[in-house]
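All remarks here apply to the structure that follows.
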Amino acid sequence: MEGQKLTTSLSSLKRKDTLARLQAEEFDLLIIGGGITGAGIALDAANRGMRTALVEMQDFAAGTSSRSSKMIHGGLRYLKKFEVKLVSQVGRERAIVYENGPHVTTPEWMILPIYEGAEFGKFLTSVGLRVYDSLAGVKKTERRKMLSRDETLRLEPKFKQEGLLGGGMFVEYRSDDARLTIEVMKEAAAQGATVINYTKVTNFIYKDDKAAGVETVDQLNGQTSRIYAKKIINAAGPWVDTLREKDHSLGGKHLLLTKGIHLVFDQSVLPLKQSVYFDTPDGRMILMIPRNGKMYVGTTDTAYNGDYAHPRITDEDIDYILQAIQFIFPEWPLSASDIESSWAGLRPLIHQTDKGTSEISRKDEVWESPSGLLTIAGGKLTGYRKMAETIVDLVAEKFEQEEHKRFSPCETKQLPISGGHVGGSKNFNVFLKIKTAEGVKLGLSAERAQMLVRKYGSNIDQVYNYLQANEEKAKKYGLPADIYAQVLYAVTDEAACTPIDFFARRTGALLFDIDWVREWKSPVIEVMNDMLSWTSEQKEQFTADLEKRLHEATVPMQEAVPAAE
Ligand code: FAD
């Protein structure tokens, strides 16, 4: 067996050291892309003893992995397309994702209302959900329940009554995609992977026509570097073809990007009691999910060829979602002015010439180029661990064949992610209670303490340590001690480099608590500025970027932007 594990750091204060380490040695494996796919691969590879590196050109999860519907799901909609194997695989993976990080994923009962004339009537929905339970290996306590019309209306009295036949109830798992990605990345670092954000791969380096390394540019200071590795995986999500083009291997199958958007409302204007999943008149499915006093609703599925890094909502997207809400809840006529926040994401799908955008399979595939570059494309948040297992198995096989080098088998099925070291899902509620009580002793409200424990899981002790040690400093910045502790934790332990990293992906507030961002943005910027010693230009730029994101959260894009990399 190869490899010696050393915990590495995910601190933005140590970026220089991390970059030096990346340049100092030849790695076994280099991963390009710090979304959930890359993070999962880094964790698996590092855990097996491979010397592993990962580079991300934006912030971790800033691509699709912070822009999904945030469900770790069994893929009920795939059953509609008879993708039985996919349903079975992602359904089983869902249980593993939950078990290894119960702080970041929560079971959620959903209602599926059934109407006259729908593609699947009551009987077929009942059979479908039962098949789903069995394919996805659903726990007994979470198996589907069928509801009469009255029972459905009792649960959700505002459903459109005309044509309502009844409903089905089933459990899906709600997650936080960005935090899931960051927790997997932190665990990868804890297992020895050297990972860095804001470092863009600009070119490949070849030795005897084989990809042997990459040239990178630091997106924060322009510094160029060279990183060498025996094997390289392209896990760049929507950008995988851009990298294949650089590798001169863009042939055969390629990506098709489709955009999906979500709108966020306050629960006071959309007072749903629980999650709803329903068919639209055009045969698509829409999710409505409650989260901390807000509701988010999505999604759309439209072909896309604009700026990959900044997909935005348009007026048509908003109309589509508002009409869908109006269709199922006619008594709640919402308008664009009710939207509190929003986000748009790009699905990196594998092109199939004979299919419409909603019909294309969400399966993942691995492609190998003549230079040996491995590309992993397609897939789902839910299946990230299995995708990683598949491609790391392939890399391990190559090491064995080419160098007679052996690595440990995959162990991520039973490997908690960072923050998930709470003794499994069955112990999480007890853990939550104990740690919430500790937070209350530190002066937090029970609600705030619980929110923090849910966010940071077993890393809450570190956040509490920062809180206790910095009450005076926090006052100096005009920040409550717990928010100051969150900023400290984000910069020191979670590689946050900019205010958007903190407000969008470390806390989720830009999506689900936008007023909190408006209230605290100035002191948070001051703390980050002092910790990270920004230049005045950087401070100005990062502040302007945050303002732009706040604006774009509610204001749709008016004109088409030109296509860009
Ligand atoms: P990304 O997250 O995009 O990561 C790729 C990364 O590579 C990016 O961060 C990018 O910056 C980086 N990169 C690119 N080029 C370079 C370079 N040259 N150098 C360095 N880094 C580079 N899945 C589910 O399981 N459940 C859901 O509910 C769900 N809902 C979805 C809803 C929508 C609207 C969308 C769009 C997707 C949804 N998905 C869902 C799918 C899921 O979000 C994606 O499959 C997953 O996030 C893709 O992750 P990734 O790591 O492959 O890509």
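As numbered in the numbering used here, residues 5 to 569 make up the sequence shown, in order.
Heads up, the beta-carbon is just placed ideally off N, CA and C, and yes, glycines get one too.
| Item | Value |
| --- | --- |
| Suppose contacts are defined by Cβ-Cβ distances below 8 Å. Is V268 in contact with K298 by that definition? | yes |
| Looking only at DSSP bridge pairs, what is S69 linked to? | Looking at the DSSP assignment, S69 forms no beta bridge with any residue, so it has no partner. |
| Apply the 10 Å Cβ neighbour rule to I529 and answer buried if 16 or more other Cβ atoms are within range, or exposed otherwise. | buried |
| Hey, how far is the Cα of G105 from the Cα of A194? | 15 Å |
| Would you kindly check if the distance between the Cβ of V108 and the Cβ of G387 is under 8 Å? | no |
| List the whole-angstrom C-beta distance separating Q223 from T246, where the pair is believed to meet the contact cut-off of C-beta under 8 Å. | In fact, because the Cβ distance is near 15 Å, the residues do not count as touching under 8 Å. |
| Looking only at its own chain, which residues have a Cβ that is under 7 Å from the Cβ of K430, when we skip the five neighbours before and after it? | none |
| Can you check whether the CB of D465 is closer than 8 Å to the CB of T502? | no |
| Pick from A313, S16, L326 and H258: whose alpha carbon is nearest that of L291? | L326 |
| Pull the bridge partners of S229 from the DSSP assignment, please. | T220 |
| Just to check my reading of the structure: G349 and P315 have Cβ atoms closer than 8 Å, yes? What is that Cβ distance to the nearest angstrom? | 6 Å |
| Does the beta-carbon of W524 have 16 or more other beta-carbons within 10 angstroms, so that it is buried, or is it exposed? | buried |
| Could you check which residue in V59, A50, I76 and G39 has the C-alpha nearest to that of A65? | G39 |
| Closer than 7 Å to a non-hydrogen atom of the ligand FAD - does that hold for the CB of P294? | no |
| Indicate the three-state DSSP secondary structure (helix, strand or coil) for R178 in the structure shown. | strand |
| Tell me the rounded alpha-carbon separation between I317 and Y324. | 11 Å |
| Kindly indicate which three-state DSSP category T41 falls into: helix, strand or coil? | helix |
| For D397 versus I380, is the C-beta spacing smaller than 8 Å? | no |
| From V521 to V135, what does the alpha carbon distance come to, in whole angstroms? | 44 Å |
| Alpha carbon to alpha carbon, what distance is there between P334 and T558? | 23 Å |
| In this structure, how does DSSP classify K477 when only helix, strand and coil are distinguished? | helix |
| Classify F282 as helix, strand or coil using the three-state DSSP reduction. | strand |
| Within the present structure, is the beta-carbon of L448 separated from the nearest heavy atom of the ligand FAD by less than 7 Å? | no |
| Specify, as a first and last residue, the run of the beta strand (DSSP E) that L260 falls within. | L259 to D270 |
| Cα separation between G382 and D505? | 25 Å |
| CA-CA distance, E393 and D48? | 7 Å |
| What's the C-alpha gap between A24 and T198? | 11 Å |
| Across the region 219-237 and the region 85-98, are there enough close Cβ pairs to call them in contact, namely three or more that are closer than 8 Å? | no |
| Give the DSSP-derived three-state secondary structure of D530 in the structure shown. | Looking at the sequence provided, one finds Glu at residue 530 rather than Asp. It is helical. |
| Checking contacts by CB at 8 Å: is T56 closer than that to chain B? | No chain B is part of this structure, which consists of one protein chain only. |
| Quick test of your reading: K277 and E160, contact by CB under 8 Å. State the CB separation rounded to the nearest angstrom. | 6 Å |
| Once the 5 residues before and after D137 are set aside, which same chain residues still bring their CB inside 7 Å of it? | R147 and R148 |
| Among S341, A57, I421 and P337, which one has its Cα closest to the Cα of I200? | A57 |
| Nearest-angstrom Cα distance between T41 and N51? | 16 Å |
| Leaving aside the five residues before and after N533 along the sequence, list all residues of the same chain whose C-beta is less than 7 Å from its C-beta, in chain order. | K543 |
| Hey, L33 and I237 are a contact pair by Cβ (cut 8 Å); roughly how many whole angstroms apart? | 7 Å |
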